[in-house]
Each structure stands twice: as structure tokens, then as C-alpha cells.
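Just so we're aligned: 268 in the working numbering is position 263 of the sequence shown, and the numbers increase by one with no gaps anywhere.
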Amino acid sequence: MIPFTMHGSHILSTGSAVPDICINNELISTVIDTSDKWISTRTGIKERKIIDTNQSIVDLATLASHEALKKGLLKPQDLDLILFATSTPHDLFGSASQLQNCLGASNAAAFDITAACSGFVIALIVAHQFIQTGIYKNILIVGADTLSQWVDWSDRTTCILFGDGAGAAILQRSLKNDILSFEINTNGHESHQLSINYNYPKNHCTGNDTYTELLFNQKYNNQYDYLTMNGKEVYKFAVSQVPTSINNCLQKIHRPAKDITWLLLHQANQRILEAVANKLKIPIHQVISNIQFYGNTSAASIPIALNEAFDTGHICNRDVIAIAGFGAGLTWGSILIQWNALE
Ligand code: ACO
6 MIPFTMHGSH ILSTGSAVPD ICINNELIST VIDTSDKWIS TRTGIKERKI
56 IDTNQSIVDL ATLASHEALK KGLLKPQDLD LILFATSTPH DLFGSASQLQ
106 NCLGASNAAA FDITAACSGF VIALIVAHQF IQTGIYKNIL IVGADTLSQW
156 VDWSDRTTCI LFGDGAGAAI LQRSLKNDIL SFEINTNGHE SHQLSINYNY
206 PKNHCTGNDT YTELLFNQKY NNQYDYLTMN GKEVYKFAVS QVPTSINNCL
256 QKIHRPAKDI TWLLLHQANQ RILEAVANKL KIPIHQVISN IQFYGNTSAA
306 SIPIALNEAF DTGHICNRDV IAIAGFGAGL TWGSILIQWN ALE
């Protein structure tokens, strides 16, 4: 069944979607103790887009996917696989199948990948494996998150950071291969630094009721905590691990950092983007950044920025793009792409 020849993967097209509601720093400053100056100097964020109650993450993902399909001149039925990278699914069992249904992609298998802000990079790497081995031809990769629904809007240390959005890319089997090298890393020992924890009932822990009593008396309400983050530790982790990971990818193909045309990192904090670029000696004008408009959109941030970079003509034939995601898990992953425009 599996052919012996390895196939190439080509980024055929991209798309993105963000909600209409825009919350700028001035507006946030009217409800919590913060300021535009604090937020923009510490993070680079000026505004973020927030999902409305009549819209779901699947709606955003559908919009982004339609754009990628249209640009790639594909029909939904041409898709063989849909990978939905999200940590905020509409359904805890996964939202990939809902997306498959909304698109009418009846020939595609579909599943979720949960890896927070590294999700899109990891999904891209997973998709590449299916293409390389000849299993699938057209794979839709979506990164989407709606963390506005999971942050505590009275916690100024986290709520100012996040926005909602979706980005999509179609990876297609090709004679030319865009993907040069990659790596994925996990450090579960530090998972407590950034999490949305399952909340066990307090009275179970104190031993007043047994677990079965709680279940039978329906006192056991399933719920998750708000997002919590040790910002300083996550910052230090990102600035130390991401350059190493990109350097590892460069070493695998024996190429220097100066060959990188574009550095595209998860849009978490402008200071992180600059610190990583500095360590890799990549000039700031080669760093793709749109954080000021969207904040941290988690799994969506890289594909939204990638789509904008293609749309604005920044990415040209044979450009080398170093992409890295990092975040909860802790997880991080890098992928080096040399993009080949189709002739
Ligand atoms: N407005 C005003 N003051 C604030 C705010 C705010 N919104 N938030 C915190 N402060 C205060 C703090 O209380 C603190 O005051 P103190 O000195 O009196 O105690 C002071 O500002 C400094 O706070 P720090 O937390 O030290 O600020 P820092 O410079 O570290 O910036 C930030 C915080 C922006 C969160 C930064 O640490 C960061 O970007 N970390 C990385 C986040 C990240 O990359 N996440 C990626 C993954 S996300 C995912 O996977 C889902």
C-alpha cells in the first residue's frame, strides 16, 4: 500500500479569518487596571479581535478554510485529510469533524491536534508525514483558537494578551518539496507554567463526600479553571528554546541562519520576536509580525501571519521561512520551509 518513493510537500494556499469585534488597549483600560502604554511597551499588542456569542471557532475555521480552498483552486471534496489544531474546541470530543461537515469535505478524514500555540506547526509536520509517505495528496491544516472564552477578564496579567482567530493552509503532494527540516519538543515537567486545568470538586478533595456520592447526587459539576500563566517563566523558555530549535533545524540541512529570508514565530509578544531574531542575528525587517492587530491568537497566530505574508507578496519563490511555535505543554516546534512557487 505504501509506495517506496518519498513525496514532496508544497504549501499550495493559505487563508485566515478573525472576528469583527475589536477590543483595543484603551477599551480594556476602562474595565481593568492597565494602560495602552503598559500593554504596548511590554507586548507590542494594540488591539485584539474577540468572537461574538453567535459565532463559534468552527465558523472562523470554515471561513479561513474556504479562502485557502478558493486560492488553491480546490473543491472541499478534493481534501483527503483535515487537521484541526486547537485547544479551544467547540466540542471537547474535537471540532475537526464539525469543520469537515461545514465544508462538505465528505472524502476527508478529520481529527484535532491539541498543542496550544505550537499546534499549527505540529499539525503541519504531521501533515507532511502523510504526504511524504504517499498516503494523502491534499491536506487542510487549520490553526484556530478562541482563548477570549477561557481567560479571566478580571486578570490583567493574562486577559490583555489573547485574541481569537483562525488560519488555514493546504499542503499538497508535489514533485518539489517545500519542507527542508523540522523538530518537535515537549517538556511536560513545566506544564504547570501555562494551563487551563480541569477543576476537581473541592469537597471531594477534603473528603466530605466520596467521589461516587458526588456523582450520584449530581454535585459534581464538570468545569475548567481559567487560563493561568507564569508569564516570566514562559518568556524565558521561549527566548532560550526557540533559537536552539531553529538552529537544530538549520544544522540538519547544513545551512546558516543568514539563509533565512523570513522569521515567522508564534505571535506571543513583540519582545520575544525581537529577542529570538537577535539571537539568530536576523535583522528585524525580516521578522514577520502582526501582533499589534490580533494579540496572541494561539494556534491561529502563525497561519494568520503566513496568509498575510503571502497576500502582501512578501514571500517570494525560493524564500526560506523559519517558522516556530511555542507555548503550553510546554511544547515547541520549528519547521524550515523553502517555498516553491508553482510554474
Ligand atoms: N497592566 C499593568 N500592569 C501589569 C499588567 C497589566 N496588564 N500585567 C502585569 N502588570 C504588572 C505586574 O503586576 C507587575 O507589577 P509589580 O512589579 O508591582 O509586581 C509588573 O506589571 C510586571 O509584571 P511582569 O509579569 O513581570 O511583566 P513582564 O514584563 O514579564 O510581562 C508578559 C508580562 C507580557 C505576560 C510577559 O511575561 C510575556 O509575554 N510572557 C510570555 C507569554 C507567552 O509567550 N505565552 C506564549 C504561549 S501562550 C499559549 O500557549 C496559550
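Cβ atoms here follow ideal geometry from the backbone N, Cα and C, with glycine treated the same way.
Query - Near ligand 1: Leu165 beta-carbon under 6 Å from a heavy atom - result: The count along the sequence shown starts at 1 and reaches residue 165 at position 160. Note that residue 165 is Ile in the sequence shown here, rather than Leu. True, at least one ligand heavy atom lies under 6 Å from that Cβ.
Query raised in the report: Taking DSSP as the reference, what is the three-state secondary structure of Leu256?
Result: Position 251 of the sequence shown holds residue 256. Reading off the sequence, residue 256 comes out as Gln, not Leu. Helix.
**Report entry** Proximity test, Tyr229 beta-carbon vs ligand 1 heavy atom, cut-off 6 Å
**Finding:** Position 224 of the sequence shown, counting from 1, holds the residue named residue 229. Tyr229: no, Cβ never under 6 Å from ligand 1.
Requested in this report: Buried or exposed for Arg53, please, with buried defined as at least 16 other CB atoms from any protein chain shown within 10 angstroms of its CB.
Outcome: By 1-based counting over the sequence shown, the position of residue 53 is 48. Burial call: buried.
**Report entry** Boundaries (first-last residue) of the beta strand (DSSP E) holding Ala174
**Finding:** Within the sequence shown, residue 174 is the residue found at index 169, counting from 1. Segment 169-179, the beta strand (DSSP E) holding Ala174.
Query - Sheet register partners of Ile328 (DSSP bridge) - result: Start at 1 with the first residue of the sequence shown, and residue 328 comes out as number 323. Ile328 is bridged to Leu269, Ile340.
Query raised in the report: How big is the Cα-Cα spacing for Asn182 and Glu31?
Result: Taking the first residue of the sequence shown as 1, we reach residue 182 at position 177. Taking the first residue of the sequence shown as 1, we reach residue 31 at position 26. Roughly 46 Å between the two C-alpha positions.
Query raised in the report: Within 10 angstroms of its Cβ, does Cys254 collect 16 or more other Cβ (buried), or is it exposed?
Result: As a first step, residue 254 must be located in the sequence shown, where it is residue number 249. With 16 or more Cβ atoms within 10 Å of its Cβ, Cys254 is classed as buried.
Query raised in the report: Taking C-alpha atoms, which residue in Ala346, Ile307, Val36, Gly148 lies nearest to Trp158?
Result: Your numbering for residue 158 matches position 153 in the sequence shown. Cα-wise, what sits closest to Trp158 is Val36.
Query - Unbroken beta strand (DSSP E) run spanning Lys54, endpoints - result: Here residue 54 corresponds to residue number 49 of the sequence shown, with the count starting at 1. Counting along the chain, the beta strand (DSSP E) containing Lys54 begins and ends at 52-55.
Query raised in the report: Nearest-angstrom Cα distance between Glu72 and Lys241?
Result: Here the question's residue 72 lines up with position 67 in the sequence shown. Here the question's residue 241 lines up with position 236 in the sequence shown. Rounded to the nearest angstrom, the two C-alpha atoms are 36 Å apart.
Requested in this report: Per DSSP, which residues does Asn188 bridge with? Please list them.
Outcome: Locating residue 188 in the sequence shown gives position 183, where the first residue counts as 1. Note on identity: in this sequence residue 188 is Glu, with Asn being the wrong assignment. Beta-bridge pairing links Glu188 to Ser339.
Query raised in the report: Is the segment 168-188 in contact with the segment 21-28, if contact means three or more CB pairs nearer than 8 Å?
Result: yes
**Report entry** Beta-carbon spacing of Pro251, Ala310 below 7 Å
**Finding:** On the sequence shown, position 246 is the one that residue 251 refers to. On the sequence shown, position 305 is the one that residue 310 refers to. What sits at residue 251 in the sequence shown is Ile, not Pro. Against a cut-off of 7 Å, the Cβ pair of Ala310 and Ile251 comes out as no contact.
Query raised in the report: Smallest Cα separation from Ala90: which of Phe116, Gln275, Gly318?
Result: Here the question's residue 90 lines up with position 85 in the sequence shown. Nearest C-alpha to Ala90: Phe116.
Report task. To the nearest angstrom, report how far apart Glu218 and Tyr205 are at their CA atoms. Result -> On the sequence shown, residue 218 is found 213 positions in, with the first residue counted as 1. On the sequence shown, residue 205 is found 200 positions in, with the first residue counted as 1. Distance between the alpha carbons of Glu218 and Tyr205 is about 14 Å.
Query - For Val351, three-class secondary structure by DSSP - result: Only positions 6 to 348 of the chain appear in the structure, and residue 351 is not among them; the question remains open.
Report task. Kindly examine ligand 1 and report whether one of its heavy atoms sits closer than 6 Å to the Cβ of Val244. Result -> Locating residue 244 in the sequence shown gives position 239, counting from the first residue. Answer for Val244: no, Cβ out of range of ligand 1.
Query raised in the report: Do Ser45 and Leu176 have their C-beta atoms within less than 7 Å of each other?
Result: Stepping through the sequence shown from its first residue, residue 45 is reached at position 40. Stepping through the sequence shown from its first residue, residue 176 is reached at position 171. Not closer than 7 Å, so no.
Report task. Hey, could you find the ends of the beta strand (DSSP E) Ile44 is sitting in? Result -> Counting from one through the sequence shown, the residue named residue 44 turns up at place 39. From DSSP, Ile44 is part of no beta strand (DSSP E) but of the alpha helix (DSSP H) over 41-48.
Query raised in the report: Any idea which residues DSSP pairs Asp150 with across the strands?
Result: Stepping through the sequence shown from its first residue, residue 150 is reached at position 145. DSSP output for Asp150 lists Gly170 as bridge partner(s).
Query raised in the report: Mind checking Met11: buried by the 16 CB within 10 Å criterion, or exposed?
Result: As a position in the sequence shown, residue 11 is number 6, starting the count at 1. Result: exposed.
Requested in this report: Quick one: give me the first and last residue of the alpha helix (DSSP H) that Cys107 is part of.
Outcome: For the purposes of this step, residue 107 is taken as residue 102 along the sequence shown, with counting starting at 1. That run of the alpha helix (DSSP H) goes 101-108.
Query raised in the report: With a cut-off of 8 Å, do at least 3 Cβ pairs link the segment 329-338 to the segment 193-201?
Result: yes
Query raised in the report: Mind checking whether the beta-carbon of Arg260 lies closer than 6 Å to any heavy atom of ligand 1?
Result: Here residue 260 is taken as the residue at index 255 of the sequence shown, counted from 1. Result no, Cβ not under 6 Å from ligand 1.
Requested in this report: With a threshold of 6 Å, establish whether the CB of Gly332 neighbours any heavy atom of ligand 1.
Outcome: As a working note, residue 332 is residue 327 in the sequence shown. Yes.
Query raised in the report: Using a threshold of 6 Å, is the CB atom of Ala128 nearer than that to any non-hydrogen atom of ligand 1?
Result: Within the sequence shown, numbered from 1, the residue matching residue 128 stands at position 123. Answer for Ala128: no, Cβ out of range of ligand 1.
**Report entry** Cβ shell of Val244 (< 8 Å), same chain only, five flanking positions each side left out
**Finding:** Residue numbering aside, residue 244 sits at position 239 when the sequence shown is read from its first letter. Cβ neighbours of Val244 beyond the five flanking positions: Ile277, Ala280, Val281, Lys284.
**Report entry** Cβ-heavy atom distance, Val292 to ligand 1, below 6 Å
**Finding:** The sequence position of residue 292 within the sequence shown is 287, counting from 1. No, since every heavy atom of ligand 1 falls outside the 6 Å radius drawn around the Cβ of Val292.
Requested in this report: Spell out the partners DSSP gives Gly13 in its beta bridges.
Outcome: The residue labelled residue 13 in the question sits at position 8 within the sequence shown. Per DSSP, Ser179.
**Report entry** Proximity of Ile26 and Asp64 at Cβ, strictly below 7 Å
**Finding:** Position 21 of the sequence shown, counted from the start, is the residue given in the question as residue 26. Position 59 of the sequence shown, counted from the start, is the residue given in the question as residue 64. Cβ atoms of Ile26 and Asp64: not closer than 7 Å.
Requested in this report: Pull up the distance between the alpha-carbon of Pro8 and that of Leu185, whole angstroms please.
Outcome: Counted from its first residue, the sequence shown places residue 8 at position 3. Counted from its first residue, the sequence shown places residue 185 at position 180. Low per-residue confidence applies at Pro8: pLDDT is 48, beneath 50, and the placement is therefore not dependable, though the value from the model is reported in the following sentence. Pro8 and Leu185: Cα-Cα distance of roughly 21 Å.
Requested in this report: Identify the continuous alpha helix (DSSP H) that holds Asn312 and give its terminal residues.
Outcome: Here residue 312 corresponds to residue number 307 of the sequence shown, with the count starting at 1. Its alpha helix (DSSP H) spans residues 306-316.
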